[in-house]
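Enquirer:
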Amino acid sequence: MSRNGPFAILFHTLFVVFMLAPLVVVCLVAFTPEGYLSLPGRVWSLRWFRAILDYPEFLRAFRDSLWLAALSSTVAIGLAVPAALAIARYRFPGREAMTALFMSPLMVPHVVLGIAFLRFFTQIGLSGTFLGLVLSHIIVILPFALRLVLAASYGIDRRIEHAAISLGASPAVVFRRVTLPLILPGVVSGWLLAAINSFDEVTMTVFIASPATTTLPVRMFLYIQDNIDPLIAAVSACLIALTAILLMALDRLFGLDRLFVGTGKG
Amino acid sequence: MSPNASARATPYWLTGPTLAVFLGLVIIPLGMTVLLAFYDWGQYKGIVAEFTLKNFREIFSDSYFLEVFLRTLRIAVLVTLFAILIGVPEAYILNRMAPSWRGICLLAILGPLLVSVVARTLGWALLLGSNGLLNRGLMALGLIGQPLEFMFTETGVVIALVHVLIPFMILAVWASLQRLDPQIENAALSLGASRLTIWRRVILPQIVPGILSGSIIVFALAASAFASPAIIGGRRLKVAATLAYDEFLNTLNWPLGAAVAVLLLAALVILTVGTNRLVERRYSQVFE
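See below:
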């Protein structure tokens, strides 16, 4: 099957190096024994990983990021499931407009959303609160949840539901025992993709986070603006390691291409 | 199931909560931002709710703002071009790989999408610094006499953004490559077409819609990118997004910052809708 010529293989290899180089460099620098930015030579040290523990603001921001991701993606999937079922099964006036509206956070630049939320939350007294972060994150991650649930909803055989109804199941039972299990892969992968996007979001969050409630990427961004040292490389290396583990788990569970493209059918 | 009133109401019950959330948290805040862009502002009086075009006049008359917007445009165009030049062949190569290999390569290429943009850009800051790996490597090879300046330059920002955004191009092109029928390629080959001709006359025309939609995504994200230009570009090399950030959180001239954001949004909406129209009109036969 592989008919790629040697030139193609070379191009591809260079490309993979290009994609991985910055991540690898961050991980290497994190192990330096020196007090400045350098690659570890013969001696590898964990001193900068230990140093993270002396900066509780990173740990606090990490904890807040996890909570934020879990909460906002759960609410987003709760909104996305009924909306996706309606869009997938009914033809109703306003359907296209609503779909476009629900997908719009993908097209509106996050800077603009950040500014809009900053203005809005300042007016209604939510600025700098955790609730404000959760609300804004629900908006930006909902399209990811919706897209995956929608793809799963289009794929179900409605005759199974009709059979359940004809056997006397109530709508609630049909949803819980038939529909939900059928779209569950879409729901789980939609939740995960939403949670990852919430965890990584920085551009919008930087506008509305306060020193008291901030996320890990924002904390890292503000730190890098002041200075770049091995400590921040160690924090990033932890993040990269975490993502890599998650990625391998996801690949095992769902297959990465499905997670990214929605489904092959598009 | 007769189409009675309650059945007709069902989709609205199902979408209602999401619609309410979006009206409250997208439409209203965006509307307020647009209004804000037309408000007055003064160092001592703060934000004054009086309709004025002052902010837009200031942006269009001050060469500093013009320079920032031109730089944003230049960076976005270059990033999109490089994403096409590198992403299209890469997607093609990826598509022809054996499935087992492709899985691993996808992990390497799409995986970085899930890593925080801050961590990825930090990597480029480490690579591109004057004492960074890239410069030391080039000097060790004797290709350059003294370190090249990447940090705080547009070149550096473009490199980092190509890295951050190219997966979107690959995904878009790959999706359209998967729809191709390999038999058409074989037919062209059997009729005596050269590899180059097949690429130009058979494959490329069919994946142009994929390239265009990938380009829209990459361009829009590059034009509104924030973290990478802020880290690689530093405080002086401003783009539209970092300019708006500055106005909001340093100068505190919110109306001016809002005007910058509104202009950015308007430009991207016009571009996206315009390109979509073009794609639909010219390539409708490809989608049929």
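Taken in sequence, the protein lines are chains A and B. Counted the way my numbering counts, the first sequence spans residues 2 to 267. Counted the way my numbering counts, the second sequence spans residues 86 to 373. Every residue gets a Cβ at the ideal spot worked out from N, C-alpha and C, and that includes glycine. Here the structure is a predicted model, which means the values were calculated and not measured.
Write down the C-beta distance between Gly319 (chain B) and Phe235 (chain B) rounded to the nearest angstrom, noting that I regard them as a contact closer than 8 Å.
Expert: Counted from its first residue, the second sequence places residue 319 (chain B) at position 234. Counted from its first residue, the second sequence places residue 235 (chain B) at position 150. Actually they are not in contact, since the Cβ atoms of Gly319 (chain B) and Phe235 (chain B) sit about 12 Å apart, beyond 8 Å.
Enquirer: Going by beta carbon distance, what residues of the same chain come within less than 7 Å of Arg187 (chain B), once the five residues before and after it are set aside?
Expert: By 1-based counting over the second sequence, the position of residue 187 (chain B) is 102. Same-chain partners within the cutoff: Leu179.
Enquirer: I want to see whether chain B comes within less than 7 Å of Tyr91 (chain A), judged by CB atoms only; does it?
Expert: Stepping through the first sequence from its first residue, residue 91 (chain A) is reached at position 90. Chain B contact via Cβ: present.
Enquirer: Consider the Cβ of Leu262 (chain B): report whether some Cβ of chain A lies at a distance smaller than 7 Å.
Expert: On the second sequence, residue 262 (chain B) is found 177 positions in, with the first residue counted as 1. It does not; no Cβ of chain A falls within 7 Å.
Enquirer: So, is Glu175 (chain B) buried or exposed, given that buried needs 16 or more other C-beta atoms within 10 angstroms?
Expert: Locating residue 175 (chain B) in the second sequence gives position 90, where the first residue counts as 1. Buried, since its Cβ has 16 or more Cβ neighbours within 10 Å.
Enquirer: Applying the criterion that 16 or more other CB atoms from any shown protein chain within 10 Å of the CB defines a buried residue, is Ser279 (chain B) buried or exposed?
Expert: Locating residue 279 (chain B) in the second sequence gives position 194, counting from the first residue. Label assigned to Ser279 (chain B): exposed.
Enquirer: Alpha carbon to alpha carbon, what distance is there between Ile255 (chain B) and Leu198 (chain B)?
Expert: Stepping through the second sequence from its first residue, residue 198 (chain B) is reached at position 113. Stepping through the second sequence from its first residue, residue 255 (chain B) is reached at position 170. Straight through space, the alpha carbons of Ile255 (chain B) and Leu198 (chain B) are spaced by roughly 12 Å.
Enquirer: Quick one: grab the DSSP three-state call for Thr264 (chain A).
Expert: Counting from 1 along the first sequence, the entry for residue 264 (chain A) is found at position 263. Only weak support is given to the placement of Thr264 (chain A): the predicted model assigns it a pLDDT of 38, under 50, and the value that follows is read from those uncertain coordinates. Three-state DSSP puts Thr264 (chain A) in coil, outside helix and strand.
Enquirer: Express the C-alpha separation of Met99 (chain A) and Met2 (chain A) in angstroms, rounding to a whole number.
Expert: Residue 2 (chain A) sits at position 1 when you count from the first residue of the first sequence. Residue 99 (chain A) sits at position 98 when you count from the first residue of the first sequence. Note that Met2 (chain A) has pLDDT 40, beneath the 50 cutoff, so the model's placement of it is unreliable and no number is given.
Enquirer: What is the rounded straight-line gap between the Cα of Ala70 (chain A) and the Cα of Asn271 (chain B)?
Expert: Here residue 70 (chain A) corresponds to residue number 69 of the first sequence, with the count starting at 1. Here residue 271 (chain B) corresponds to residue number 186 of the second sequence, with the count starting at 1. When rounded, the distance between both Cα atoms is 48 Å.
Enquirer: Would a check of beta-carbon distances place Ala90 (chain B) closer than 7 Å to chain A?
Expert: Here residue 90 (chain B) corresponds to residue number 5 of the second sequence, with the count starting at 1. Not closer than 7 Å to any Cβ of chain A, the Cβ of Ala90 (chain B) fails to qualify, so no.
Enquirer: Select from the segment 196–217 of chain B all residues with a C-beta closer than 7 Å to any C-beta belonging to chain A, and list them in chain order.
Expert: Of all residues in the segment 196–217 of chain B, those with a C-beta nearer than 7 Å to a C-beta of chain A are Gly196, Pro197, Leu199, Val200, Ser201, Val202, Val203, Ala204, Arg205, Leu207, Gly208, Trp209, Ala210, Leu211, Leu212, reading in chain order.
Enquirer: DSSP on Ile132 (chain B), reduced to helix/strand/coil?
Expert: Counted from its first residue, the second sequence places residue 132 (chain B) at position 47. Ile132 (chain B) falls in the strand class under three-state DSSP.
Enquirer: Would you check if the segment 237–250 of chain B and the segment 159–167 of chain B touch, i.e. whether three or more CB-CB distances between them fall below 8 Å?
Expert: yes
Enquirer: With DSSP as the reference, label Ser3 (chain A) as helix, strand or coil.
Expert: Position 2 of the first sequence, counted from the first residue, corresponds to residue 3 (chain A). With a pLDDT of 47 at Ser3 (chain A), under the threshold of 50, the predicted position of this residue should be treated as unreliable, though the coordinate-derived value follows. Correct three-state label for Ser3 (chain A): coil.
Enquirer: Would you list the one or two residues that DSSP bridges to Gly127 (chain B)?
Expert: Your numbering for residue 127 (chain B) matches position 42 in the second sequence. B:Gly131, per the DSSP bridge assignment.
Enquirer: Taking just the CA atoms, how far does Ala250 (chain A) sit from Ile189 (chain B)?
Expert: The sequence position of residue 189 (chain B) within the second sequence is 104, counting from 1. The sequence position of residue 250 (chain A) within the first sequence is 249, counting from 1. Taking the straight line from one Cα to the other gives about 13 Å.
Enquirer: Less than 7 Å between the C-beta atoms of Leu192 (chain B) and Leu136 (chain A), yes or no?
Expert: As a working note, residue 192 (chain B) is residue 107 in the second sequence. As a working note, residue 136 (chain A) is residue 135 in the first sequence. No, the pair does not count as a contact, with Cβ atoms beyond the cut-off.
Enquirer: Once DSSP output is grouped into helix, strand and coil, what is the label at Pro83 (chain A)?
Expert: The residue you call residue 83 (chain A) lines up with position 82 of the first sequence. If DSSP states are grouped into helix, strand and coil, Pro83 (chain A) belongs with the helices.
Enquirer: Taking C-beta pairs closer than 7 Å, name the residues in chain A that Val133 (chain B) reaches, listed in chain order.
Expert: The sequence position of residue 133 (chain B) within the second sequence is 48, counting from 1. None at all; the shortest Cβ gap to chain A is about 15 Å.
Enquirer: On the three-state DSSP scale, how would you describe Ala89 (chain A)?
Expert: Counted from its first residue, the first sequence places residue 89 (chain A) at position 88. In this structure, Ala89 (chain A) counts as helix in the three-state DSSP scheme.
Enquirer: Does the segment 179–186 of chain A come close enough to the segment 113–132 of chain A to have 3 or more Cβ pairs within less than 8 Å?
Expert: no
Enquirer: Could you work out which residues of chain A lie near Ser298 (chain B), taking near to mean beta carbons separated by less than 8 Å?
Expert: To locate residue 298 (chain B), count along the second sequence from 1; it is residue 213. The contacting residues do not exist; Ser298 (chain B) stays about 11 Å from chain A at best.
Enquirer: Using the C-alpha atoms, what's the distance from Thr180 (chain A) back to Val27 (chain A)?
Expert: Here the question's residue 27 (chain A) lines up with position 26 in the first sequence. Here the question's residue 180 (chain A) lines up with position 179 in the first sequence. For Val27 (chain A) and Thr180 (chain A), the distance between alpha carbons rounds to 45 Å.
Enquirer: Might you give, ordered along the chain, the residues of its own chain that have their beta carbon closer than 7 Å to the beta carbon of Asp201 (chain A), omitting 5 neighbours on each side?
Expert: The residue you call residue 201 (chain A) lines up with position 200 of the first sequence. Answer for Asp201 (chain A): Pro218, listed in chain order.
Enquirer: Straight-line CA distance for Pro106 (chain A) to Ile142 (chain A)?
Expert: Taking the first sequence and counting its residues from 1, the one referred to as residue 106 (chain A) is at position 105. Taking the first sequence and counting its residues from 1, the one referred to as residue 142 (chain A) is at position 141. In a straight line, the C-alpha of Pro106 (chain A) is about 8 Å away from that of Ile142 (chain A).
Enquirer: Would you mind stating whether Ala307 (chain B) and Leu250 (chain B) have Cβ atoms separated by less than 7 Å?
Expert: Residue 307 (chain B) sits at position 222 when you count from the first residue of the second sequence. Residue 250 (chain B) sits at position 165 when you count from the first residue of the second sequence. In contact: Ala307 (chain B) and Leu250 (chain B) (Cβ atoms closer than 7 Å).
Enquirer: By the 10 Å Cβ neighbour count, where 16 or more other Cβ atoms means buried, how is Val173 (chain B) classified, buried or exposed?
Expert: Here residue 173 (chain B) refers to the residue found at position 88 of the second sequence. Looking at its Cβ environment, which holds 16 or more other Cβ atoms inside 10 Å, Val173 (chain B) is buried.
Enquirer: What residues in its chain sit with their C-beta under 8 Å from that of Val202 (chain B), if we drop five residues either side in the sequence?
Expert: Along the second sequence, one-based indexing puts residue 202 (chain B) at 117. Cβ within range, chain order: Val249, Ala312, Ser313.
Enquirer: Let me know if Ser190 (chain A) comes out buried or exposed under the rule of 16 or more other beta-carbons within 10 Å of its beta-carbon.
Expert: Residue mapping note: residue 190 (chain A) aligns to position 189 of the first sequence, counting from 1. Ser190 (chain A) is buried by the Cβ-count criterion.
Enquirer: Quick check on Ile78 (chain A) - is its C-beta less than 7 Å from some C-beta in chain B?
Expert: Taking the first sequence and counting its residues from 1, the one referred to as residue 78 (chain A) is at position 77. For Ile78 (chain A), no CB of chain B lies under 7 Å from its own CB, so it is not counted at the interface with that chain.
Enquirer: Using the C-alpha atoms, what's the distance from Val347 (chain B) back to Val175 (chain A)?
Expert: The sequence position of residue 175 (chain A) within the first sequence is 174, counting from 1. The sequence position of residue 347 (chain B) within the second sequence is 262, counting from 1. Each residue's Cα considered, the two are about 46 Å apart.
Enquirer: With DSSP as the reference, label Gln46 (chain B) as helix, strand or coil.
Expert: As shown, chain B starts at 86 and ends at 373. That puts residue 46 (chain B) outside it, with no answer to give.
Enquirer: Check the C-beta distance from Gly129 (chain A) over to Thr204 (chain A) and give it rounded, since I have them as a contact under 8 Å.
Expert: Along the first sequence, one-based indexing puts residue 129 (chain A) at 128. Along the first sequence, one-based indexing puts residue 204 (chain A) at 203. Not quite, the Cβ-Cβ distance comes to about 17 Å (not below 8 Å), so this is no contact.
Enquirer: DSSP on Thr123 (chain A), reduced to helix/strand/coil?
Expert: If you number the first sequence from 1, residue 123 (chain A) lands on position 122. Helix at Thr123 (chain A).
Enquirer: Of all the CB atoms in chain B, is at least one closer than 7 Å to the CB of Phe145 (chain A)?
Expert: On the first sequence, residue 145 (chain A) is found 144 positions in, with the first residue counted as 1. No, its Cβ sits nowhere closer than 7 Å to a Cβ of chain B.
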